[in-house]
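All the letters of the sequence shown, read from the start, carry residue numbers 2 to 289 under the working numbering. C-beta atoms are modelled at their ideal positions from N, C-alpha and C, and glycine is treated no differently. The block underneath contains the structure these notes are about, expressed in structure tokens.
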Amino acid sequence: MHTNAESAGSYRGRLAPSPTGYLHLGHARTFWVAQQRAKANNGVLVLRNEDLDAMRFKLEFVDAMLEDLKWFGFEWQEGPDCGGSFGPYNQNERSHFHRAALNKLRDGGFIYPCTCSRKDIQSAARAPHAADDKEPIYPGTCRNNCESQMANSKFSWRFRVPHGETISFADGSFGPQQFVAGKDFGDFVVWRHDDVPAYQLSVVVDDAAMRITEVVRGADLLVSTARQLLLYRALGLEPPRFFHCALMTDAAGARLAKRHDALSLRTLRAQGAAPEDLRRSWSLANPA
Ligand code: GLU
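And the structure:
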């Protein structure tokens, strides 16, 4: 998969943090790979603030995020603080792009309105096949709904995945990947019942609109890449390339999360840690 922009020699990568807590060392390691790859390709690095999740997002985390990234040594050429030609770079200011994509999916018959609650789905759904993917497989309850039936109810919009189709892509780090729609992942939400675009849709729309040529992110999103490839196809957009990074774990082998305060960049900085030393410890753990 090659994008037009990249064949013209203009690599565009991105950092897409969500301000739902303090960034930790695991984020920094994945982002560092993204920055190194952009640099190695003489490319541009974009910072996109993924602040759509109003329930979990706090303004103080946005400032902290920018400050912590700068302290660690990240440099981006486009972003909410410095602008650029593909803004706005705060996701919650991009709803016109997201809504246009939603309308396109609706007009194309790719999505259906769904009134199921998270609880309904948890009790009826099958567990997803991929260990890192927490999303249960949607049992299909609302698959035959149409919008006109929905007059008085709150609903989300769900993408109808082509059951049985194998979605393949070549990951820049993990190599060839294959996921079967309906088995490894099910129909997924593109627009939430509280009228907010869901992650899968907003990330595709914004990566495409910002002309991102390679997405570098954590390996927990490998299955989501299959979902997103279906969205690129439905929207008639050319997908970027993908490079997923192994997730960092703590001493007990658990995946780092924003609750791991001890490893937040904030705490490390307050304790006098030097970013160079932290980076050196990664290369000792994973010699190139
Ligand atoms: N904001 C998302 C996250 O922090 C970005 C995921 C992605 O890179 O696509 O998980």
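8 Å is my cut-off, CB to CB: does L67 come that close to chain C?
Protein chains in the displayed structure number just one, and chain C is not present.
Does the beta carbon of S19 fall short of 7 Å from some heavy atom of the ligand GLU?
As a first step, residue 19 is located in the sequence shown; it is residue number 18 there, counting from the start. S19 Cβ: within cutoff of the ligand GLU.
Proximity of V197 and L53 at Cβ, strictly below 8 Å:
For the purposes of this step, residue 197 is identified with residue 196 of the sequence shown, where counting begins at 1. For the purposes of this step, residue 53 is identified with residue 52 of the sequence shown, where counting begins at 1. For V197 and L53, yes; Cβs fall inside 8 Å.
Rounded Cβ spacing between V217 and G14 (contact assumed at less than 8 Å)
Taking the first residue of the sequence shown as 1, we reach residue 217 at position 216. Taking the first residue of the sequence shown as 1, we reach residue 14 at position 13. Rounded, the Cβ-Cβ distance is 6 Å, consistent with contact.
Just to confirm, does V34 get its C-beta within under 7 Å of one of the non-hydrogen atoms of the ligand GLU?
Taking the first residue of the sequence shown as 1, we reach residue 34 at position 33. No, the ligand GLU has no heavy atom inside 7 Å of this Cβ.
Does the distance from the CB of W33 to the CB of R280 come in under 8 Å?
For the purposes of this step, residue 33 is identified with residue 32 of the sequence shown, where counting begins at 1. For the purposes of this step, residue 280 is identified with residue 279 of the sequence shown, where counting begins at 1. Their beta carbons are under 8 Å apart, which means W33 touches R280 by this criterion.
Limits of the unbroken alpha helix (DSSP H) element including H28
One-based indexing of the sequence shown puts residue 28 at position 27. First-last of the alpha helix (DSSP H) with H28: L26 to A41.
Residue nearest to W86 in terms of C-alpha spacing, selected from C246, V45, R270 and D221
As a first step, residue 86 is located in the sequence shown; it is residue number 85 there, counting from the start. Checking the sequence shown, residue 86 turns out to be Ser, not Trp. That would be V45, whose Cα lies nearest to the Cα of S86.
Would DSSP call H99 helix, strand or coil?
Your numbering for residue 99 matches position 98 in the sequence shown. In this structure, H99 counts as helix in the three-state DSSP scheme.
So, is L177 buried or exposed, given that buried needs 16 or more other C-beta atoms within 10 angstroms?
In the sequence shown, counting from the first residue as 1, residue 177 sits at position 176. As written in the sequence, residue 177 is Pro, which differs from the Leu given in the question. Exposed, by the Cβ-count rule.
Let's test the definition: count the other Cβ atoms within 10 Å of the Cβ of W192 and tell me whether it reaches 16, buried, or not, exposed.
Within the sequence shown, numbered from 1, the residue matching residue 192 stands at position 191. So W192 counts as buried.
Could you please give the first and the last residue of the uninterrupted beta strand (DSSP E) stretch that includes S157?
The residue labelled residue 157 in the question sits at position 156 within the sequence shown. Start and end: S157 to F160.
May I have a chain-ordered list of the beta strand (DSSP E) segments no shorter than 3 residues that lie completely inside the stretch 116-202?
157-160, 167-172, 176-181 and 189-192
Tell me which same chain residues have a C-beta within less than 7 Å of the C-beta of G311, skipping the five on either side of it?
In the structure as shown, the chain starts at 2 and stops at 289, and residue 311 therefore has no counterpart that could be examined.
Among V224, L103 and R38, which has the Cα closest to the Cα of I213?
Taking the sequence shown and counting its residues from 1, the one referred to as residue 213 is at position 212. Closest option to I213, Cα to Cα, is R38.
Which residue comes first and which comes last in the beta strand (DSSP E) that contains M215?
The residue labelled residue 215 in the question sits at position 214 within the sequence shown. Contrary to the premise, residue 215 reads as Glu rather than Met in this sequence. E215 to G219 is the span of the beta strand (DSSP E), which, as asked, contains E215.
Report back the beta-carbon spacing between G80 and L48 to the nearest angstrom; my notes put them in contact at under 8 Å.
Against the sequence shown, residue 80 aligns to sequence position 79. Against the sequence shown, residue 48 aligns to sequence position 47. About 3 Å separates the two Cβ atoms, so the contact holds.
Spatial neighbours of R95 in its chain, beta-carbon cut-off 7 Å, leaving aside the 5 residues before and after:
On the sequence shown, residue 95 is found 94 positions in, with the first residue counted as 1. Excluding residues within five positions, the ones whose Cβ falls inside 7 Å are P89 and D207.
Taking only the alpha-carbon atoms, compute the straight-line gap between L103 and D188 and give it to the nearest angstrom.
Locating residue 103 in the sequence shown gives position 102, where the first residue counts as 1. Locating residue 188 in the sequence shown gives position 187, where the first residue counts as 1. Each residue's alpha carbon lies about 15 Å from the other.
Using C-beta distances below 7 Å, list every residue in its chain close to M151, excluding the 5 sequence neighbours before and after it, in chain order.
Here residue 151 is taken as the residue at index 150 of the sequence shown, counted from 1. Within the same chain, M151 has close Cβ partners P114.
Residues in the same chain with beta-carbon distance under 7 Å from N91, minus the five sequence neighbours each way, listed in chain order, please.
Against the sequence shown, residue 91 aligns to sequence position 90. For N91, where only same-chain residues beyond five positions count, the Cβ hits under 7 Å are N50, D52 and P81.
Whole angstroms are fine: how far does the CA of L24 sit from the CA of R267?
Taking the first residue of the sequence shown as position 1, residue 267 is located at position 266. Taking the first residue of the sequence shown as position 1, residue 24 is located at position 23. Distance between the alpha carbons of R267 and L24: 8 Å.
Exposed or buried, H245, counting other C-beta atoms within 10 Å across all chains shown (16 or more means buried)?
One-based indexing of the sequence shown puts residue 245 at position 244. Counting Cβ neighbours within 10 Å, H245 comes out buried, since at least 16 surround it.
Helix, strand or coil: which one does DSSP assign to F62?
As a working mapping, residue 62 is identified with position 61 in the sequence shown. If DSSP states are grouped into helix, strand and coil, F62 belongs with the helices.
According to DSSP, C83 sits in a beta bridge with which residue or residues?
Here the question's residue 83 lines up with position 82 in the sequence shown. Its beta-bridge partners do not exist; DSSP assigns none.
Check each candidate in R107, D121 and G74 and name the one with the smallest Cα separation from E148.
Within the sequence shown, numbered from 1, the residue matching residue 148 stands at position 147. Closest option to E148, Cα to Cα, is R107.
For T226, count neighbouring C-beta atoms within 10 Å of its own C-beta (all shown protein chains included) and say buried if the count is 16 or more, exposed if not.
Residue 226 sits at position 225 when you count from the first residue of the sequence shown. So T226 counts as buried.
Taking DSSP as the reference, what is the three-state secondary structure of R212?
Along the sequence shown, read from residue 1 onward, the residue named residue 212 stands at position 211. R212: coil per DSSP, three-state reduction.
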